[in-house]
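Residue numbers (the working numbering), protein chains in the order written: chain B, 1 to 170; chain C, 1 to 162; chain Z, 1 to 409.
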């Protein structure tokens, strides 16, 4: 582990009883959903993690508890280190407090997660879908959402696919 | 047409109305300035000096659908964009033509998934499909010339019917 | 197909000012088909006369499902998708993804391949900035910029075509190296470009940098402060134009960037003009890197010898049974990656392009997330256009250098 990261991981352990793991020099810290806003505030204010590089989620379907990990990738420009904070969330009605008041960029990124994974961010200022049309059902990046693969047109299914294309000329 | 007038001071040229109409349509076909994705960059390249589409009377891209004759669907059409694309097509005045530029617009390309229309012909009628991911500017110019050929073969009585 | 519906102000009432509800200010729709939104971006503007009171971007018109599609493919096949993500920077996207794969499965990259990657990504950066310069010139009615910039861009695309056979979507960088060695004409083609390009940048600068019309349209317009930029996750030239010296090529060198001598242009002003200056200086710096990398281009293999990850060269397949087996296994099954997660980032022309890649022990990734810089760079737009004219909004939007494929994925 990077020497600069050791005190950070220690603080997280003491304050938020956060577990951590390491892979190829990257440190992942696990925090409970209730404490994520406090943890991010501590990291930003005390350890100068000014930049929320990425905010995304991973779906471990069919595992249900936890089904999702919400991933916060933080970068410190001053110390040139990165740390990843992960929040495990259960499968049925996943909820995490919003981080939009700590990092403004979380606003759009959380809307994306709401759209793509159906993870609700409590207290979010603008909870609308961002990428998909509003009338879409389901959340595309969940593993139980089908890819939506369509078959190529061959002789045996020529007419079936032609029916879907009402505007083909000639 | 045109050439004869330069050859001698004839003043009068005889031709059919059909030829006249089709000729004028091909030589001032204004495409709509409407890029979706990667292919739009190649469409810009086709406009730029190296390939120079103005050789075919098409340097004027109109940003308004009301002033354009040709829609070049340059890129993938998502489920959110489909209704918008249809609205733009409906706003273009007749006669109008559509080129599906690139694999995504023609058949979905590599994106066989929930978000993309598998071919823009599910949304609007297409006259010419241009293959490639993205097609080279030459391929687009060839597609445009193919539209021109199609226009030149039109008959007045067919136009009256539609 | 869904129909377009008329949307009232009610839906956006938490985003607009109270004056919009009484009809005192006007809501105006800009896009998704608009010549200066650089793609299919929709902006909902609240206007008080000509002044922008609020700006609500609406993205997703190019949502392609790239992440989901990549999760359904093996690690090698998924790479094809990355080209189409940020279509101004296909080689840089390849590099970002391939570096994540290399980190996950731990494979070495030979020095020659590293140098080739640097040359090609820097050429791609120049090409991307040229498109930006040309189109933002168009937005500010400097039409000749478009014609000049695309002339030089064609020369770069010819180099890409020379090495990979494709003008834009090259997929030339592969896990463990590059697809194959460059042809012998490569060096001369790049040297020609290096010789010609500095004069051309002088030409662009003589057209714009001191042009009073251009200065009037850009200086003091769309000022982005350091704090707002950082909290909105803005990276790349936009962040550097706001006075933050942060470039991943310098801060966390990858692919041997530490060997090359180059500067990171930084401007403190944070306005549209500063963003223009930073990008134009970057053109020259990128050219310096290309020249140094080409001068020191080492000889040797361009692909790793790790046959479990990297397919054998075609010449070996005819004579070696093992090579044939490896080739067959790699292209049918793919290679397994450990059950772990990595995040790796590169400096794309727009900012930090990060890839979060998570494997589950099988040949397909369980999660690929592309952290795309344009997404965050656009999210700051409403903050910086408030109080400007609509015409200035066009200039500011052009200066953010967004690519919609990058935002919507």
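Beta carbons: idealized from backbone N, C-alpha and C, even for Gly.
The structure presented is a predicted model; accordingly, all values stated were derived computationally and were not measured.
Report task. Report the rounded CA-to-CA distance for residue 126/Z versus residue 28/C, giving the unit in angstroms. Result -> 35 angstroms
Query raised in the report: Do you know how far the Cα of residue 79/B is from the Cα of residue 143/Z?
Result: 44 angstroms
Report task. Within its chain, find whatever has a CB closer than 7 angstroms to the CB of residue 153/B; leave out the 5 residues flanking it on each side and keep chain order. Result -> Excluding residues within five positions, the ones whose Cβ falls inside 7 angstroms are 161.
Report task. Compare the beta carbon distance of residue 27/B and residue 12/B with 7 angstroms and say whether it is the shorter of the two. Result -> no
Query raised in the report: If contact means a Cβ-Cβ distance below 7 angstroms, which residues of the region 39-56 of chain Z contact chain C?
Result: 39, 40
Query raised in the report: Cβ of residue 148/B less than 7 angstroms from any chain C Cβ?
Result: yes
**Report entry** Closest by C-alpha distance to residue 32/Z, when choosing among 41/Z, 26/Z, 25/Z, 162/Z
**Finding:** Answer by Cα proximity: 41/Z.
Query raised in the report: Where residue 104/C and residue 89/Z are concerned, what is the direct C-alpha to C-alpha distance, given to the nearest angstrom?
Result: 19 angstroms
Requested in this report: Could you tell me whether any Cβ in chain B is nearer than 7 angstroms to the Cβ of residue 128/C?
Outcome: no
Report task. Identify, in the order they occur along the chain, each residue of the same chain with its Cβ nearer than 6 angstroms to the Cβ of residue 155/Z, setting aside the five sequence neighbours on each side. Result -> 193
Report task. Can you give me the start and stop residues for the beta strand (DSSP E) that residue 54/Z sits inside? Result -> 51-58
**Report entry** Counted within 10 angstroms of its Cβ, other Cβ atoms place residue 24/Z as buried (16 or more) or exposed
**Finding:** exposed
Query raised in the report: Can you list the alpha helix (DSSP H) stretches of 4 or more residues lying completely in the region 58-94 of chain B, in chain order?
Result: none
Query raised in the report: Helix, strand or coil: which one does DSSP assign to residue 368/Z?
Result: Reduced to three states, the DSSP call for residue 368/Z is strand.
Query - According to DSSP, residues forming a beta bridge with residue 97/C - result: 70/C
Query raised in the report: At least one CB of chain C closer than 7 angstroms to the CB of residue 154/Z: is that the case?
Result: yes
Report task. For residue 107/C, decide whether its Cβ has a neighbour in chain Z, counting only Cβ atoms nearer than 7 angstroms. Result -> no
Query raised in the report: What residue from 14/Z, 281/Z, 317/Z has the CA that sits closest to residue 124/B's CA?
Result: Minimum Cα distance to residue 124/B is reached at 14/Z.
Requested in this report: Helix, strand or coil for residue 56/C, going by three-state DSSP, please let me know.
Outcome: helix
**Report entry** For residue 76/B and residue 250/Z, the rounded distance between their alpha carbons
**Finding:** 15 angstroms
**Report entry** Start-end ranges of the alpha helix (DSSP H) lying completely within the region 28-55 of chain C, minimum 4 residues
**Finding:** Along the length of the region 28-55 of chain C, whole alpha helix (DSSP H) runs at least 4 residues long occupy 38-47, reported in chain order.
Query raised in the report: Of all the residues that make up the region 371-395 of chain Z, which are near chain B by a beta-carbon distance shorter than 9 angstroms?
Result: 371, 375, 376, 378, 379, 380, 383
Report task. Out of 385/Z, 262/Z, 403/Z, 406/Z, point me to the one whose CA is closest to residue 396/Z's CA. Result -> Considering only alpha carbons, the answer is 385/Z.
Query - 8 angstroms Cβ cut-off: residues of chain A touching residue 50/C - result: As a matter of chain content, chain A is missing from the structure shown, whose protein chains are B, C and Z.
Requested in this report: Taking residue 47/Z as part of the beta strand (DSSP E), name the residues at either end of that continuous run.
Outcome: Run containing residue 47/Z: 42-48, per the beta strand (DSSP E) assignment.
Query raised in the report: Going along the region 121-152 of chain C in order, which residues come within less than 8 angstroms of chain Z, judged by CB to CB distance?
Result: 122, 123, 133, 134, 136
**Report entry** Separation of residue 381/Z from residue 48/C, as counted between CA atoms
**Finding:** Residue 381/Z has its alpha-carbon roughly 29 angstroms from the corresponding atom of residue 48/C.
**Report entry** Within-7 angstroms CB hit, residue 2/Z to chain C
**Finding:** Taking Cβ atoms only, chain C reaches closer than 7 angstroms to residue 2/Z, which makes this a yes.
**Report entry** First through last residue of the alpha helix (DSSP H) which encompasses residue 20/Z
**Finding:** 18-22
Requested in this report: Measure the C-alpha to C-alpha separation of residue 157/Z and residue 283/Z and round it to an integer number of angstroms.
Outcome: 16 angstroms
Query raised in the report: Bridge partners of residue 128/C, per DSSP?
Result: Bridge partners of residue 128/C: 99/C.
Query raised in the report: Buried or exposed: residue 348/Z, going by 16 or more other Cβ atoms within 10 Å of its Cβ?
Result: buried
Query - Sequence ranges, beta strand (DSSP E) only - wholly within the region 81-161 of chain B, length at least 3 - result: Here the runs fully enclosed are 81-89, 95-97, 120-122.
Report task. State the start and end residues of the unbroken beta strand (DSSP E) segment that holds residue 319/Z. Result -> Here residue 319/Z belongs to no beta strand (DSSP E), and DSSP marks it neither H nor E.
Query raised in the report: Using a Cβ-Cβ cut-off of 7 angstroms (strictly less than) and excluding sequence neighbours within five positions of residue 157/B, which residues of its own chain qualify?
Result: 151
Report task. Kindly list, in the order they appear in chain Z, the residues whose Cβ is closer than 7 angstroms to that of residue 104/B. Result -> 231, 232
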